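In my numbering, the protein residues as written are 802 to 1687.
Now the structure itself:
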């Protein structure tokens, strides 16, 4: 459903001294619970225009004190506007999200009103409320009930003096789940505070009221223009967006609901079905039957048998009749009943085709890319977090005790695969003891309190600051009480404050808030902005792979981590060595460099192989990446064709490099490759070439290039196909074997797409050494013809260097790098709902030069980081930390 905003005239704003409304500005609708525009009074009723189910309409109790004007609803005397019933939908939504925003466009009648005079309130009487936004002289006061305040919402948050004038004013009070509360006046931040606690104690029997307390003893006088309530925290840019949209906003529903739903069905359903079952044979390169379903223009033209789809007529649509009869796809399992339903409903609904190009790579991960998972700290993140928070190096012990993180979808930080079992729990307990043993507990305690008393008041002085650092945000009162409770047991056994502190830190190190990057993920299914401390944590783990430092936490504490401040923080953090270390983790993960630790080639074929060569290959790639991405700050595509590398003398001999290096065998040295045949770029590193196995498989190497560099999609071979690799022999090279597969009619559809991508690497053996002929005496080549995903034309290359240049110049490779780095950054597979955001990230990164720094900046400033996908309360799967005892 598309919502259009009709805005007020510039004259209305000009009269109040405010900037004119932008004619194309739109209001924020995500998380909107109620909206009153006072555009029409229907029998003394004010309609909720939010278009939510169970609208919260209001009744005017004393109509003699209320009248409608062309510019809103004016109130004088003892008026009260209230809901007949408690708005439980609103209350429940706020309780679940733990966040709320109250927005008002209004003109106070005078600056003498006090109490505070109730502008908007969800309350029962003068001392029992969920929230109240009121006027107290020339100030705005906001009261919010949490588990840490009293029932009257005290302590409250007040604006500075002279915040109000008797003129049209825009006021927003917003409070996030972590407790950061802010009041904006006319789009400008006026006051901030930390109102900690949960909203779980909100009373769902309180009605919603305007212009007075529900007990009718705190009247407010003035004119309402707009009132909106959100069950989420509004971010600074969203406050400005609503301010610019103006007060005279009326939601009008465009009559395209059916069309919009059909388009969404295509983008998230039908395109996925095409990607899984159809485009393998009907893409730009293959076009079986003359049909290309990957491109809108060609798909609508149809193939040899005509157009595949007749809108609104499934029975007349060739595509549907073939699918319904299980005649398509050929030689593959038929579509499931659910997939058929999606296709049928799409055609019946009008067959809206909204994508110019369908990219199968966007749909590879299916539902896994759309679920919300809590992220456990990976082993490297655990080590870095302990070092950042407590200054303790636990690397050796953590790698020995903790189970290894397993790869899923190409990375070992993929959230859905980061389970916790009994071995994790035992390791975390042991590591907590080791960490505390290495701390100077007495010194740490005295840093926060000089007293040795085992009282809650004294321990709180330690628990709050240390907990804030370890748990990456402020603790609520319940958490502080729980940690203080440890001291009771310590005191009973004759221990002192150092003993209590020791056990408190051990408890924190084993708590879910430390081991998981826990965020608020309950909502209405839409994207919500993350809180200040959640954002700080995201920035630090994406850029550093570690917890936020004090500088970042202080900005979050002040509620000032808006996009301008965040941009400054990002630049500061990218200048830190931890950002370099994190980037090296990416390259190691992406290329699976740890695979070399377990590489055991055939000793008869490779008698000189040893673990030192494996280490040398890993270092070559890591140092090469750092040189390009950091020391030279070059575009990331230079990784594929730049003519230099880093080798030890030992690795240089193994590669048969025509250079002589002095120094120790373990000393890594930079060398120039401009005069070295065939070698240059990542794909000529032993760390990558060993993917082909002992026989330098063209299948394995070709699939690597296709999947990791081009994000191409090739389905698994049918079960009946023998996939046992054929070994080269005299007169038959790996390339010749590949050409036989490509010539086979049953194989060419897939193998022709990826195996030629590896032909340029034929002169490198299974361990990356360069040869002009293989061990059977067969002459080796380096030319080939390749096709890039989505492209119809074949591209020829004559040498390894030309292939590397093609990859370095390929827009598809640039896009793939963006997708891979973004996936690693957010810790989950990417899917169709992310595609438009990733496209914007990619464009911003390219505009910045295509460097690592420009890409990381674009990622952390994108909506993938600033917002989170929420799931409604009823959809529990995948949200909670997955803990099992096995």
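Using N, Cα and C, we set each Cβ at its ideal position, and we do this for glycine too. Computed from a predicted model, the values in this text were never measured in an experiment.
Chain-order list of residues whose beta-carbon lies under 7 Å from that of residue i (same chain, five-residue window excluded)
i	result
residue 1115	1121, 1145, 1148 and 1149
residue 994	958 and 982
residue 1152	1110 and 1112
residue 1687	Confidence at residue 1687 is low in this model, with a pLDDT of 26, below 50, so the placement of that residue should be treated as unreliable; the coordinate-derived value is given next. Excluding residues within five positions, the ones whose Cβ falls inside 7 Å are 1222 and 1223.
residue 1575	1529, 1534 and 1581
residue 1194	1188
residue 1060	1151 and 1153
residue 1364	1038 and 1662
residue 1246	1263, 1298, 1299 and 1302
residue 1467	1449
residue 1218	1207 and 1209
residue 1643	1616 and 1619
Distance, residue j Cα to residue i Cα
i	j	result
residue 1592	residue 1453	38 Å
residue 893	residue 1440	52 Å
residue 1000	residue 1225	33 Å
residue 884	residue 847	9 Å
residue 1336	residue 1356	11 Å
residue 1681	residue 827	Because residue 1681 carries a pLDDT of 38, less than 50, the predicted location of this residue cannot be relied on, and the following value inherits that uncertainty. So the alpha carbons of these two residues sit roughly 35 Å apart.
residue 1662	residue 1361	15 Å
residue 877	residue 1318	50 Å
residue 1214	residue 1072	28 Å
residue 1542	residue 1502	15 Å
residue 1334	residue 1085	47 Å
residue 1496	residue 1162	29 Å
residue 1257	residue 1285	6 Å
residue 1021	residue 912	11 Å
residue 1372	residue 1555	39 Å
residue 1300	residue 1291	7 Å
residue 1278	residue 1329	26 Å
residue 1430	residue 1583	28 Å
residue 1230	residue 1311	7 Å
residue 1166	residue 1633	10 Å
residue 947	residue 919	19 Å
residue 1048	residue 1515	53 Å
residue 1573	residue 1460	17 Å
residue 1160	residue 962	56 Å
CB-CB length for residue i against residue j, believed under 8 Å
i	j	result
residue 927	residue 1016	6 Å
residue 996	residue 945	6 Å
residue 1607	residue 1596	6 Å
residue 1481	residue 1490	Residue 1481 to residue 1490, Cβ: 13 Å. No contact.
residue 889	residue 1018	Residue 889 to residue 1018, Cβ: 25 Å. No contact.
residue 1228	residue 1202	4 Å
residue 1083	residue 1092	5 Å
residue 874	residue 1025	5 Å
Contacting residues, own chain, Cβ-Cβ under 6 Å from residue i (five flanking each side not counted)
i	result
residue 1314	1272
residue 1666	1339
residue 1422	1486 and 1488
residue 1054	Bear in mind that a pLDDT of 41 at residue 1054, under 50, signals an unreliable position, so the number given afterwards is only what the model happens to contain. No residues qualify anywhere along the chain.
Beta carbon proximity, residue i to chain D, threshold 8 Å
i	result
residue 1660	Note that chain D does not occur in the displayed structure, where there is just one protein chain.
Contacts around residue i, its chain only, beta-carbon distance under 8 Å, and the 5 residues preceding and following it disregarded
i	result
residue 1074	1136, 1140, 1143 and 1144
Legend entry - Contact the stretch 1384-1396 vs the stretch 1620-1631: 3+ CB pairs below 8 Å: As far as the Cβ criterion goes, the stretch 1384-1396 touches the stretch 1620-1631, which means the pair count is three or higher.
Inset, instruction - Tell me the start and end of each unbroken beta strand (DSSP E) in the stretch 1398-1443 that is at least 3 residues and wholly inside, in chain order. - result: Counting only runs that start and end inside the stretch 1398-1443, there is no beta strand (DSSP E) element of at least 3 residues.
Legend entry - Inter-stretch contact at 8 Å, needing at least 3 Cβ pairs: the stretch 960-971 / the stretch 847-854: Pairwise C-beta distances place the stretch 960-971 out of contact with the stretch 847-854, as fewer than three of them are shorter than 8 Å.
Legend entry - Contiguous beta strand (DSSP E) assignments of at least 3 residues, all confined to the stretch 951-1030: List check, beta strand (DSSP E) in window: 970-976, 981-986, 989-995 and 1009-1011.
Inset, instruction - Jot down the residue ranges of each uninterrupted alpha helix (DSSP H) in the stretch 1031-1093, minimum 4 residues, whole runs only, in chain order. - result: Runs found: 1037-1046, 1058-1066 and 1072-1078.
Legend entry - Any beta strand (DSSP E) of 3 or more consecutive residues that is wholly inside the stretch 1460-1496: Runs found: 1470-1473.
Inset, instruction - Decide if the stretch 1330-1348 is in contact with the stretch 1267-1274; the criterion is three or more beta carbon pairs, one per stretch, under 8 Å apart. - result: Segments in contact, yes.
Legend entry - Cβ contact check for the stretch 1168-1186 and the stretch 1644-1654: 3 or more pairs under 8 Å: No: the two stretches stay apart, fewer than three of their Cβ pairs being nearer than 8 Å.
Inset, instruction - Take every Cβ of the stretch 1596-1614, pair it with every Cβ of the stretch 1557-1568, and state whether three or more of those distances are shorter than 8 Å. - result: Taking 8 Å as the limit for Cβ pairs, the verdict is that the stretch 1557-1568 does touch the stretch 1596-1614.
Legend entry - the stretch 931-948 in contact with the stretch 896-912 per 3-pair CB rule at 8 Å: For the pair of segments examined, the stretch 931-948 was found to touch the stretch 896-912: the number of CB pairs separated by less than 8 Å reaches three.
Inset, instruction - Ignoring anything shorter than 4 residues or poking outside the stretch 1250-1314, list the alpha helix (DSSP H) runs there in chain order. - result: Whole alpha helix (DSSP H) segments, 4+ residues: 1257-1271, 1278-1293 and 1298-1310.
Inset, instruction - Please determine if the stretch 1441-1451 and the stretch 1388-1402 are in contact, where contact requires at least 3 C-beta pairs separated by less than 8 Å. - result: Fewer than three beta-carbon pairs drawn from the stretch 1441-1451 and the stretch 1388-1402 are found closer than 8 Å, and the two stretches are therefore not classed as touching.
Legend entry - Ordered list of beta strand (DSSP E) runs contained in the stretch 1590-1677, each at least 3 residues: Listed in chain order, the beta strand (DSSP E) elements of length 3 or more contained wholly in the stretch 1590-1677 are 1596-1598 and 1668-1670.
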